[in-house]
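Novice: Below is one structure. I have some questions about it.
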Amino acid sequence: MCGIIGYVGSRQAKEILIDGLTRLEYRGYDSAGLVTLNDGAVIVKTEGKVDELKKRLENKPVDGKIGIAHTRWATHGEPSERNAHPHSDEKRQIFVVHNGIIENYKHLKDELIKKGHKFASDTDTEVLAHLIEEDYKGNLEQAVASALSLVRGTYGLAVISCLETDKIVVARSGSPLLVGLGNDENIVASDVSAIIRYTKEVVYLEEREIAVVKKDGFHSFSGKSAKDRVALVEWEIEQAEKGGFPHFMLKEIFEQPKVVEDSIRGRLIEEDGLAKLGGLEEVKDRLGKCERLIITACGTAYYAGLVGEYLFEEYGGLPTEVEYASEFRYRKPIIERDKTAFLAISQSGETADTLAAVCEAKRKGALVLGIVNVVGSTIARETDAGVYNHAGPEIGVASTKAFISQLAVLFLFTLMIGRQREMSFVTGRKIAGHIKRLPNQINSILTQDEKIKEIAQKYAKYNDFLYISRKYNFPIALEGALKLKEISYIHAEGYPSGEMKHGPIALIDENFPTIAIIPKDSVYEKTISNLEEIKARKGKIIAVATEGDEEIQNVADDVIYIPETLEMLTPIFSVVPLQLLAYYIAVIRGKDVDKPRNLAKSVTVE
Ligand code: M6R
8 MCGIIGYVGS RQAKEILIDG LTRLEYRGYD SAGLVTLNDG AVIVKTEGKV DELKKRLENK
68 PVDGKIGIAH TRWATHGEPS ERNAHPHSDE KRQIFVVHNG IIENYKHLKD ELIKKGHKFA
128 SDTDTEVLAH LIEEDYKGNL EQAVASALSL VRGTYGLAVI SCLETDKIVV ARSGSPLLVG
188 LGNDENIVAS DVSAIIRYTK EVVYLEEREI AVVKKDGFHS FSGKSAKDRV ALVEWEIEQA
248 EKGGFPHFML KEIFEQPKVV EDSIRGRLIE EDGLAKLGGL EEVKDRLGKC ERLIITACGT
308 AYYAGLVGEY LFEEYGGLPT EVEYASEFRY RKPIIERDKT AFLAISQSGE TADTLAAVCE
368 AKRKGALVLG IVNVVGSTIA RETDAGVYNH AGPEIGVAST KAFISQLAVL FLFTLMIGRQ
428 REMSFVTGRK IAGHIKRLPN QINSILTQDE KIKEIAQKYA KYNDFLYISR KYNFPIALEG
488 ALKLKEISYI HAEGYPSGEM KHGPIALIDE NFPTIAIIPK DSVYEKTISN LEEIKARKGK
548 IIAVATEGDE EIQNVADDVI YIPETLEMLT PIFSVVPLQL LAYYIAVIRG KDVDKPRNLA
608 KSVTVE
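Count the sequence shown with my numbering and you get residues 8 to 613, in order.
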């Protein structure tokens with residue numbers, strides 16, 4: 008949550024900082040600010056989005072070849088100009104931008120107040136600026152190090168000072184930070200999307216690392232040189248731009264056929280009915296001996312995990328349970344060393360709860376695996392082994408293409424462990440053949456875009472929606488409801504169809520439409536009965552059904568068709584119309600689809 012960008016080099020910092028903030032805005036967008044150093048400091052901050060900051064900067068001379076900037080998702084203190092970063096000491100000599108939470112800030116603030124410090128904001132971050140000032144004895148990095156020794160919590164931070172204008176001091180603990188290495192310039196950021204326009208060479212800061220970044224160098228307290236740690240970013244700048252689409256979310260939905268292609272490329276061996284996941288090769292034998300799998304994740308990634316549970320148990324023969332990472336981390340989970348495998352699923356690879364669950368599982372001796380999209384992210388580095396999604400940067404706050412790629416990887420994972428256990432060659436080859444066809448088939452769903460838009464027009468006026476399904480598509484009911492909630496702020500609930508009679512059916516009337524995911528699968532007849540019950544109570548029904556199913560038209564008011572495939576693969580189709588439906592309803596209602604209120608792309612605080 009929140010975005011950090013910092014620049015030191017031979018160019019004017021302002022343009023790079025603003026461009027970086029624009030690209031980082033999906034990480035938080037309730038206020039923004041920057042500071043540059045030239046002859047003294049220029050600080051500009053505003054409440055609201057980066058566009059507000061741009062307006063504030065118009066015709067304002069903001070010179071300086073070093074600067075730091077921040078876009079905020081409020082934790083401590085309301086979104087306002089005074090709480091926007093950068094924060095500084097009273098003399099306005101030391102400036103800090105910070106992601107994370109300083110948990111003991113109240114105690115530290117009281118101590119500083121006793122020493123005479125006066126605070127200008129309600130944030131936890133401001134404490135850092137005062138602590139650094141207090142400890143400053145002519146060397147900024149030493150002052151940052153000694154300030155951080157007093158701090159409990161999480162941070163990714165960048166610090167500059169009028170007293171030493173050639174350096175940015177950076178540090179991380181539980182919140183990502185990286186340094187993009189350029190020619191005669193270096194850029195600090197919390198996310199690669201902010202720097203790929205300038206350089207592809209990055210150094211990811213390690214946990215609890217402190218480093219000094221100058222225009223011609225990077226010096227870490229750990230003593231490790233930048234040279235041995237440079238990673239090359241594979242993402243292209245175009246992937247982080249809208250490319251003619253009105254919103255990132257729509258672009259990302261339309262990228263999905265390609266994303267699935269990229270996720271399975273080189274990993275599917277159709278003729279042998281196998282999947283080869285390079286990242287898991289080393290631990291494959293250990294995994295083969297595991298008797299139980301725990302999947303953990305948050306939000307949309309958690310729903311992918313739920314699909315995984317059905318897959319692994321039915322086709323992998325592996326007892327599987329799925330748990331919200333925020334719950335797992337506080338339970339006393341039973342993990343049997345060498346017998347329990349643990350799988351974390353995360354787009355960003357930085358979600359605080361998922362990361363904490365990973366650390367806990369590791370501590371308890373599980374084989375810890377990951378399905379992660381962002382290369383080099385903390386979860387990717389903390390797990391014993393894992394698979395990258397290859398979905399490219401996902402900018403829309405509502406996850407779409409990352410989810411699809413998580414499903415694609417889970418299909419491959421199922422094939423891999425299934426064939427390792429009981430799955431026959433014939434079944435493996437059949438599944439592999441169907442997986443191969445997925446990208447083209449998803450394309451065919453996208454061609455119904457106009458029709459889905461019309462359905463959205465018809466239903467956008469309703470304030471409550473129910474999403475139901477069974478078996479493999481029950482998690483898709485949850486995901487469909489989450490998509491609608493997140494971007495349109497409409498109340499939506501997902502339920503297993505079989506639960507209707509246990510309560511939710513009481514909600515049904517002509518003003519409470521139901522979205523039913525009902526492919527022609529092993530539970531089709533059961534769901535049809537549920538729909539009859541809804542219809543009998545005057546409930547409107549939008550069905551997502553299999554091509555060729557005409558019977559569904561007798562019960563549903565509107566039908567969106569998805570191609571036929573194996574039952575286990577249907578979630579990757581059924582989610583697509585639900586993404587589009589949520590998107591168009593939100594657009595019709597005039598919502599900011601890519602930056603929904605109160606949300607941020609990656610939840611790096613608890
Ligand atoms: O980066 P992660 O996959 O770990 O993020 C998990 C959730 O925060 C994320 O899926 C969230 O629910 C999205 N906003 C869903 O659209």
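C-beta: ideal position from N, C-alpha, C; glycine also. In this text, all values refer to a predicted model and were calculated from it rather than measured experimentally.
Could you check how far apart the C-beta atoms of M575 and E540 are, in whole angstroms? I think they sit under 8 Å.
Specialist: M575 to E540, Cβ: 27 Å. No contact.
Novice: Assess, as a yes-or-no matter, whether the region 447-465 is touched by the region 280-291 under the definition of 3 or more beta carbon pairs within less than 8 Å.
Specialist: no
Novice: Which residue from V365, I497, V416 puts its Cα closest to that of I378?
Specialist: V416
Novice: Helix, strand or coil for R7, going by three-state DSSP, please let me know.
Specialist: What the structure shows of the chain is the stretch from 8 to 613, and residue 7 is not part of that stretch, so it cannot be assessed.
Novice: What do you get for Y337, buried or exposed, if any count of 16 or more other CB atoms within 10 angstroms of its CB means buried?
Specialist: exposed
Novice: Note down the Cα distance separating A392 from V290, rounded to an integer number of angstroms.
Specialist: 7 Å
Novice: With a threshold of 7 Å, establish whether the CB of C305 neighbours any heavy atom of the ligand M6R.
Specialist: yes
Novice: In angstroms, rounded to a whole number, what distance separates the CA positions of G383 and N537?
Specialist: 46 Å
Novice: Would a C-beta distance cut-off of 8 Å place L5 and V219 closer than the cut-off?
Specialist: Not covered by the structure: residue 5. The range shown for the chain is 8 to 613.
Novice: How long is the line joining the alpha carbons of T553 and I522, rounded to whole angstroms?
Specialist: Looking at the two C-alpha atoms, the distance is approximately 14 Å.
Novice: If contact is defined by three or more beta carbon pairs under 8 Å, each pair taking one atom from either stretch, is the region 428-439 in contact with the region 249-264?
Specialist: no
Novice: Rounded to whole angstroms, what is the Cα-Cα separation between C9 and M423?
Specialist: 38 Å
Novice: So, with DSSP's three-state summary, where would you put E214?
Specialist: coil
Novice: Looking at the structure shown, is E506 part of a helix, part of a strand, or coil, going by DSSP?
Specialist: helix
Novice: Considering V382, what are the terminal residues of the alpha helix (DSSP H) in which it resides?
Specialist: Here V382 belongs to no alpha helix (DSSP H), and DSSP marks it neither H nor E.
Novice: What residues are listed by DSSP as bridge partners for I11?
Specialist: H77
Novice: Cβ atoms of S180 and Y205: under 8 Å apart, would you say?
Specialist: No; because the gap between Cβ atoms is not below 8 Å, this pair is not in contact.
Novice: Say the cut is 7 Å; is the CB of E493 nearer than that to a heavy atom of the ligand M6R?
Specialist: yes
Novice: I want to check one thing, is the minimum distance from the CB of T361 to the heavy atoms of the ligand M6R below 7 Å?
Specialist: yes
Novice: For the beta strand (DSSP E) containing Y474, name the first residue and the last one.
Specialist: 471-476
Novice: Find the nearest neighbour of Y502 within the set I512, Q455, Y496, C305, judged by alpha-carbon distance.
Specialist: Comparing Cα-Cα distances from Y502 to each of I512, Q455, Y496, C305, the minimum goes to I512.
Novice: Assuming C305 contacts V610 under a Cβ cut-off of 8 Å, what Cβ separation, rounded to an integer in Å, is found between them?
Specialist: Right, the Cβ-Cβ distance comes to about 7 Å (below 8 Å), so this counts as a contact.
Novice: Taking 7 Å as the line, does the beta carbon of V186 fall inside it for any heavy atom of the ligand M6R?
Specialist: No - the ligand M6R has no heavy atom lying nearer than 7 Å to the Cβ of V186.
Novice: Quick one: measure Cβ to Cβ for H94 and T53, integer angstroms, because I've assumed they're closer than 8 Å.
Specialist: About 15 Å; that fails the 8 Å criterion.
Novice: Do H397 and S270 have their CB atoms nearer than 8 Å?
Specialist: yes
Novice: Is there at least one Cβ from chain D nearer than 8 Å to K508's Cβ?
Specialist: Looking at the structure shown, chain D is missing, and only one protein chain is on hand.
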